[in-house]
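If you count by our numbering, then the sequence shown holds residues 54 to 177, one letter each, in order. Glycine included, each C-beta is placed from N, C-alpha and C at the ideal position. It should be emphasised that the depicted structure is a prediction, and the values quoted were computed from it without experimental measurement. Read through the structure below, which is laid out as structure tokens, and then see the notes.
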Amino acid sequence: MKVDQYPSLLNSHPYLRQTLDLVGDKWVTVVIYVLSHGTKRHSELQREIGDVSQRMLTRTLRDLERNGLVQRNVYPAVPPMVEYSLTPLGETLIEPLRSLCQWSMEHYHEVEAARESGNSEMSQ
Numbered sequence: 054m055k056v057d058q059y060p061s062l063l064n065s066h067p068y069l070r071q072t073l074d075l076v077g078d079k080w081v082t083v084v085i086y087v088l089s090h091g092t093k094r095h096s097e098l099q100r101e102i103g104d105v106s107q108r109m110l111t112r113t114l115r116d117l118e119r120n121g122l123v124q125r126n127v128y129p130a131v132p133p134m135v136e137y138s139l140t141p142l143g144e145t146l147i148e149p150l151r152s153l154c155q156w157s158m159e160h161y162h163e164v165e166a167a168r169e170s171g172n173s174e175m176s177q
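Take a look at the structure:
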């Protein structure tokens, strides 16, 4: 049997790797979570997220906008007012990410226990 007869999962779907790279980013996950509660200004997002630099948040929002997950609305005011919200496509990520967060809350202690038992086995 040829090994390359069965393509890898990441190579079998042309966009799977890019999708996982996008939604697997910690800032993307947090931004989508915060925006799932409604439209926010940049400063509100930064305040609610907490430990994110202005540069990283701006870059994350631009990536999400470029990928059609976030809509950026600029209002003519002085200074300009900019708001961010999820697009209908971005809203489709709310439930999968919510499920992942729920799984992590339910199984965190099991993961920690596995890490601890793995660490103790490595040190022996």
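Buried or exposed for residue i, going by 16 or more other Cβ atoms inside 10 Å?
| i | result |
| --- | --- |
| T145 | exposed |
| G143 | buried |
| V127 | exposed |
| L98 | buried |
| T113 | buried |
| V56 | Confidence in V56 is poor, its pLDDT being 49 and thus under 50, which makes the residue's placement too unreliable to answer from. |
| M54 | For M54, the predicted model reports a pLDDT of 44, less than 50, meaning its position is unreliable; a value from the coordinates is still stated below. Result: exposed. |
Taking the alpha-carbon of residue i as reference, which of the options has the nearest alpha-carbon?
| i | options | result |
| --- | --- | --- |
| G121 | Q155, T140, V131, D104 | T140 |
| L75 | E118, E165, H160 | E118 |
| V123 | E101, G171, S152, V83 | V83 |
| L110 | W80, A130, K93 | W80 |
| P132 | R151, H90, R94, Q155 | R94 |
| D116 | I85, P67, N64, E148 | I85 |
Roughly how many angstroms lie between the CA atoms of residue i and residue j, to the nearest whole one?
| i | j | result |
| --- | --- | --- |
| E136 | R70 | 30 Å |
| R168 | R151 | 24 Å |
| H160 | C154 | 10 Å |
| G91 | R125 | 13 Å |
| I102 | A130 | 25 Å |
What is the C-beta distance between residue i and residue j, in whole angstroms, given that I count them as a contact (C-beta under 8 Å)?
| i | j | result |
| --- | --- | --- |
| S138 | L88 | 6 Å |
Quick check: is the beta carbon of residue i nearer than 8 Å to any beta carbon in chain B?
| i | result |
| --- | --- |
| L73 | Note that chain B does not occur in the displayed structure, where there is just one protein chain. |
Fill in: In chain order, each alpha helix (DSSP H) run of at least 4 residues that lies wholly inside the segment 139-165
141-144
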